[in-house]
Amino acid sequence: MHPLGITIKRQMATRKKSKNQNQRHEYAIVISCCNEEKRLPDTDFISFAIRHPEVLLCFVDDGSKDKTHALLIGMQGKSPANIKVYPLEKRKGKAEAIKQGMDYVSQNFNVKLLGFLDSDLSIRPEAWLQMAATKLIP
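Here our numbering is used: the sequence shown runs in plain steps of one and ends on residue 773.
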């Protein structure tokens, strides 16, 4: 684990082909959300997505009972090329939601680096991107 609390996973060279792999994302960040309708800083994430088309943001809806899923779908509509929503029907917990989101991205997108952040933006995606671009890529 990186000192900033961000885990990065290098992608394996061999992977199944997917219709999404022709999209050009260098990085992917998985964000788990559960009942975040009133707390999710959606405009911050949308703004980041628009400014950084090289980063795929994958929001995992961890079985939310409020309107989180609708909020996430609305966000995806604002930047459909690099915001994806991966819904889980039942709540799995944060760790399992992150794992399933990482598995989904690994199987469907060709990215150089994959990591995750908290939905509360305690670490901003800009900081993750800076760390990934300057510290981890040789």
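The beta-carbon is built from N, C-alpha and C at its ideal position, and this holds for glycine as well.
Please read all numbers here as calculations on a predicted model, not as lab measurements.
Note: residue 667 is bridge-paired with 695, 753 in the DSSP secondary-structure output. Residue nearest to residue 733 within the set 687, 705, 659, 698 is 698 (criterion: CA-CA distance). In the displayed model, residue 718 falls within a strand according to three-state DSSP.
Counted as a single uninterrupted DSSP element, the stretch harbouring residue 688 is not any alpha helix (DSSP H), since DSSP gives it neither H nor E. Take residue 707, set aside five residues on each side of it, and the residues of its chain with a beta-carbon closer than 7 angstroms to its own are 668, 694, 696, 720, in chain order.
Nearest to residue 749 by alpha-carbon distance, out of 763, 757, 755, is 763.
Excluding the 5 residues flanking it on each side, residue 754 has same chain C-beta neighbours closer than 7 angstroms at 666, 667, 668, 671, 675, in chain order. Separation of residue 684 and residue 714 (C-alpha to C-alpha, rounded to the nearest whole angstrom) is 7 angstroms. In the three-state reduction of the DSSP assignment, residue 706 falls in the helix class. Residue range 729-743 is occupied by the alpha helix (DSSP H) that includes residue 733.
Annotation: residue 717 to residue 735 spans about 18 angstroms, alpha carbon to alpha carbon. In the three-state scheme derived from DSSP, where H, G and I count as helix and E and B as strand, residue 764 is classed as helix.
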